[in-house]
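Following: one structure in structure tokens, then a few remarks.
Residue numbers (my numbering): 116 to 877.
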């Protein structure tokens with residue numbers, strides 16, 4: 116039993132508030148998970164029950180259920196907490212009353228958070244009623260009232276979106292590991308008057324709220340009323356999701372939430388006899404999802420199987436965020452599927468209609484979107500059993516010859532994990548070397564590339580680079596530096612090096628040759644064309660790993676289709692590639708600059724990172740002496756000065772640079788790259804002329820999806836033709852604990868405006 120502190124009944128209210136806060140933090144991510152979220156209910160829990168439920172829906176009953184129930188808290192029974200009074204004589208039955216919060220007894224914890232969802236601002240609300248605790252009210256001395264620990268089962272948190280709730284449980288609350296939030300009241304204000312039944316007391320309760328592994332002190336204010344039969348309280352507080360490491364939530368092209376969340380606890384505690392035991396178990400099963408009858412097999416199922424299932428299947432590349440294994444999985448989130456497809460968030464196709472048509476477009480047609488919406492609006496019902504498998508009808512993979520299948524040179528990469536096996540970092544960016552076989556010592560003509568993921572459940576995307584033999588020394592230095600960092604921080608010795616932005620290599624001749632994301636086809640060059648790898652050239656592969664609850668060893672491969680001797684003898688033309696860099700200069704807003712300046716003036720040792728020079732100094736210390744010179748070199752290249760970037764459009768920064776093309780021929784692919792502040796990107800050929808042609812327009816940037824785009828049309832480019840590269844950034848897209856000037860570099864709080872063009876020479 117939990118030990119009681121001297122608090123009054125109001126404390127319980129706060130506790131509830133805190134509890135609700137807990138769920139609120141994660142709830143804010145109403146769409147944080149989105150269709151990319153996790154329908155992470157136990158997939159094979161009860162298929163038999165599922166079929167029975169579906170039979171009722173399909174064969175005559177008004178409705179059925181997807182009976183994918185899951186025991187959310189495994190292990191031993193979790194009993195409700197009770198007041199811990201070592202000596203029963205310490206409780207005076209004449210002057211004290213005991214009130215108990217019982218699960219599903221009318222109490223409710225809720226959160227209210229502001230979100231911008233699909234471009235529209237709204238307030239999202241989520242609630243849970245599974246909580247427990249006890250309060251001992253001292254009628255003779257209210258200030259001596261005692262409140263025990265309050266426990267809330269956050270697995271049962273529910274909002275108006277099944278998909279949101281699943282994502283919150285899976286990615287934010289991580290409630291399979293931490294199913295309960297606990298609050299321990301410490302002090303209370305407002306109980307200095309005499310007690311009277313039915314009187315409303317204004318109180319403020321301070322205590323320790325624990326969410327997952329974070330414990331912080333919070334204060335909640337509200338009212339409490341005590342009657343002979345019940346104690347009721349309503350308490351609220353505004354807390355920061357960032358304090359608990361669960362927000363703010365920013366998902367490009369989908370949802371952005373505020374950092375502040377209002378937590379409210381509406382508590383109803385019934386009076387009970389002292390020393391009576393609270394029966395029950397705080398573990399719960401997630402309620403089954405009701406399912407109606409509706410048209411699915413001939414309308415929506417073909418769309419999902421053609422456009423979605425190849426990635427969103429158990430064991431597939433998007434499995435950890437959402438598995439659409441069965442018709443029931445889809446029906447459970449019908450409204451969510453309609454929403455994310457309707458706004459174009461899924462499938463993830465970023466280029467706008469201003470861009471050329473590209474090979475292998477993933478976007479849904481208007482007719483497909485309308486069919487999904489009509490299905491969801493009609494109730495998202497099924498005319499098949501919920502257990503009916505969804506099977507991919509189309510794999511967006513065109514196979515190539517496997518002349519070389521190259522594993523990472525230095526072995527499998529296993530992300531850093533804690534002693535309990537959980538990942539140190541949810542998102543990990545790692546560069547590894549792949550050595551190309553060259554037995555004859557005359558290099559390789561590569562006709563096609565393929566990145567083939569090993570651990571598909573954790574490999575999110577990849578960018579592949581050609582690295583010349585001359586860069587071997589820099590590669591070795593990167594690996595050695597990473598080894599030193601790992602040793603100093605007590606981390607496991609892993610192959611490769613951390614590389615958030617690009618490859619992190621500054622040597623001449625390093626450039627991107629392929630980008631991969633789930634569903635991306637291999638790079639295949641036209642007949643007679645290829646990429647020539649000189650003797651000693653390497654391939655460096657940057658992989659973004661997104662871990663769930665473990666870090667499986669990964670040995671993703673690079674597949675090369677190389678030219679035969681006969682093809683080489685017939686003549687091969689080397690595909691040319693160029694990369695262009697545009698300044699990235701995004702100063703603090705006036706409000707941020709004022710905050711940073713005040714802190715610098717009042718806090719010893721505080722460094723004002725809204726001052727560009729201070730940021731450059733930090734970059735130099737973090738990387739090397741050359742890194743802080745890059746921003747200035749890019750300004751000079753594009754004919755500007757840092758003063759040109761002083762004025763933001765609200766929180767939006769902008770940069771543009773006109774540079775001459777370096778190659779002549781037909782454009783094969785184009786690529787744009789920014790980091791997580793990126794808002795929009797554009798590449799234009801012949802800007803401000805009658806021949807102006809947009810080569811790539813991404814009006815809403817998404818760092819998670821960076822691809823090489825291959826135009827269907829044969830677009831001609833000549834050496835010396837003018838190219839314009841434009842990037843927009845939004846300072847609000849990534850939470851920063853301390854405001855800082857954003858400039859060009861490799862880190863998560865730095866930015867880039869990087870462009871690449873591959874050309875088929877004449």
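Glycine included, each C-beta is placed from N, C-alpha and C at the ideal position.
* Own chain partners of residue 828 with C-beta closer than 8 Å, once the 5 adjacent residues on each side are dropped -> So the list reads 471 and 472, once near-sequence residues are dropped.
* Within 7 Å, strictly: CB atoms of residue 453 and residue 413 -> Not in contact: residue 453 and residue 413 (Cβ atoms no closer than 7 Å).
* Is it true that the stretch 212 to 229 meets the stretch 237 to 249, where meeting means three or more beta-carbon pairs spaced less than 8 Å apart? -> The answer is yes - the stretch 237 to 249 touches the stretch 212 to 229, with three or more Cβ pairs under 8 Å.
* To do: Closer than 6 Å by C-beta to residue 807: which residues in its own chain qualify, once you throw out the five before and the five after it? Chain order, please.
  => Take residue 807, set aside five residues on each side of it, and the residues of its chain with a beta-carbon closer than 6 Å to its own are 801, in chain order.
* **Separation of residue 372 from residue 364, as counted between CA atoms** => Taking C-alpha positions only, residue 364 is separated from residue 372 by approximately 5 Å.
* Whole-angstrom Cβ separation of residue 332 and residue 323, contact assumed at under 8 Å? -> That belief holds up - the Cβ atoms of residue 332 and residue 323 are roughly 6 Å apart, short of 8 Å.
* Applying the criterion that 16 or more other CB atoms from any shown protein chain within 10 Å of the CB defines a buried residue, is residue 57 buried or exposed? -> This structure cannot speak to residue 57, because the chain is shown only from 116 to 877.
* Asked: Excluding five sequence neighbours on each side, which residues of the same chain lie with their C-beta closer than 7 Å to the C-beta of residue 310?
  -> In the same chain as residue 310, and ignoring 5 residues on each side of it, the C-beta atoms closer than 7 Å to its own belong to 254 and 257, in chain order.
* To do: Could you check which residue in 379, 416 and 250 has the C-alpha nearest to that of residue 346?
  => When 379, 416 and 250 are compared, the shortest CA-CA separation from residue 346 is found for 250.
* Can you tell which of 760, 850 and 875 has its C-alpha closest to the C-alpha of residue 863? -> Closest by C-alpha distance to residue 863, out of 760, 850 and 875, is 850.
* Is residue 365 helix, strand or coil by DSSP? -> In the structure shown, residue 365 sits in a strand (DSSP, three-state: E or B).
* Determine, using beta carbons only, whether residue 215 and residue 445 come nearer to each other than 7 Å. => Between residue 215 and residue 445, the C-beta spacing is not below 7 Å.
* **Counterpart residues of residue 815 in DSSP-defined beta bridges** => Partner(s): none; residue 815 has no beta bridge.
* Asked: Just checking my contact of residue 318 with residue 328 at CB under 8 Å: how many whole Å lie between their CB atoms?
  -> That belief does not hold up - the Cβ atoms of residue 318 and residue 328 are roughly 29 Å apart, past 8 Å.
* To do: Could you please give the first and the last residue of the uninterrupted beta strand (DSSP E) stretch that includes residue 519?
  => 519 to 521 is the extent of the beta strand (DSSP E) around residue 519.
* To do: Have a look at 726, 622, 238 and 796 and flag the residue whose alpha-carbon is nearest the alpha-carbon of residue 274.
  => When only C-alpha atoms are compared, the closest one is 238.
* Going by C-alpha distance, which of 232, 272 and 865 is nearest residue 734? -> Nearest of 232, 272 and 865 to residue 734, Cα basis: 865.
* State the beta-bridge partners of residue 796 as determined by DSSP. => Under DSSP, residue 796 shares a beta bridge with 813 and 842.
* Asked: Is the stretch 553 to 563 close to the stretch 693 to 702, with three or more CB pairs under 8 Å?
  -> With a cut-off of 8 Å, the stretch 693 to 702 and the stretch 553 to 563 do not count as touching, because too few Cβ pairs lie within range.
* Unbroken stretches of the beta strand (DSSP E), 3 residues or longer, contained in the stretch 541 to 585 -> The stretch 541 to 585 contains, as complete beta strand (DSSP E) runs of 3+ residues, the segments 542 to 550, 559 to 567 and 574 to 582 (chain order).
* To do: Check whether the Cβ atoms of residue 536 and residue 660 lie closer than 7 Å to each other.
  => Here residue 536 is not near residue 660, since their CB atoms are 7 Å or more apart.
* **Sheet register partners of residue 631 (DSSP bridge)** => In the DSSP output, where bridge partners are listed per residue, residue 631 has 577.
* CB residue 639 to CB residue 563, shorter than 7 Å? -> The answer is yes: Cβ separation under 7 Å.
* To do: Note the first and the last residue of the continuous beta strand (DSSP E) segment covering residue 504.
  => Counting along the chain, residue 504 falls outside any beta strand (DSSP E), and DSSP gives it neither H nor E.
* To do: Output the residue ranges of the beta strand (DSSP E) runs that lie fully inside the stretch 746 to 809 and measure 3 residues or longer, sorted by chain position.
  => You should have 767 to 775, 780 to 788 and 793 to 800.
* To do: Name the one or two DSSP bridge partners that residue 370 has.
  => According to the DSSP secondary-structure assignment, residue 370 is paired through a beta bridge with 232 and 366.
* Going by CA-CA distance only, name the one from 792, 749, 782 and 397 that's closest to residue 771. => Comparing Cα-Cα distances from residue 771 to each of 792, 749, 782 and 397, the minimum goes to 749.
* If you drop the 5 nearest sequence neighbours on each side, which residues of the same chain put their C-beta closer than 6 Å to that of residue 213? -> Counting only residues of its own chain and dropping the five nearest sequence neighbours on each side, residue 213 has a CB closer than 6 Å to the CB of 251, 387 and 389.
* Buried or exposed by the 16-neighbour rule on C-beta atoms within 10 Å, applied to residue 575 -> That one is buried.
* Asked: Within 10 angstroms of its Cβ, does residue 737 collect 16 or more other Cβ (buried), or is it exposed?
  -> It is exposed - the Cβ of residue 737 has fewer than 16 other Cβ atoms within 10 Å.
* Asked: Apart from the five residues just before and just after residue 553, which ones in its own chain have a Cβ nearer than 7 Å to its Cβ?
  -> Excluding sequence neighbours, residue 553 sits near 559 and 650.
* To do: From the DSSP output, in three-state form, read off residue 427 for me.
  => When secondary structure is reduced to three states using DSSP, residue 427 falls in the coil class, being assigned neither helix nor strand.
* residue 695, enclosing beta strand (DSSP E) - first and last residue -> 691 to 696 is the extent of the beta strand (DSSP E) around residue 695.
* Check the C-beta distance from residue 797 over to residue 812 and give it rounded, since I have them as a contact under 8 Å. => With a Cβ gap of about 5 Å, residue 797 and residue 812 count as contacting.
* **Three-state secondary structure assigned by DSSP to residue 653** => Reduced to three states, the DSSP call for residue 653 is strand.
* Asked: In three-state DSSP terms, what is residue 188?
  -> With a pLDDT of 37 at residue 188, under the threshold of 50, the predicted position of this residue should be treated as unreliable, though the coordinate-derived value follows. Annotated three-state conformation of residue 188 is coil, per DSSP.
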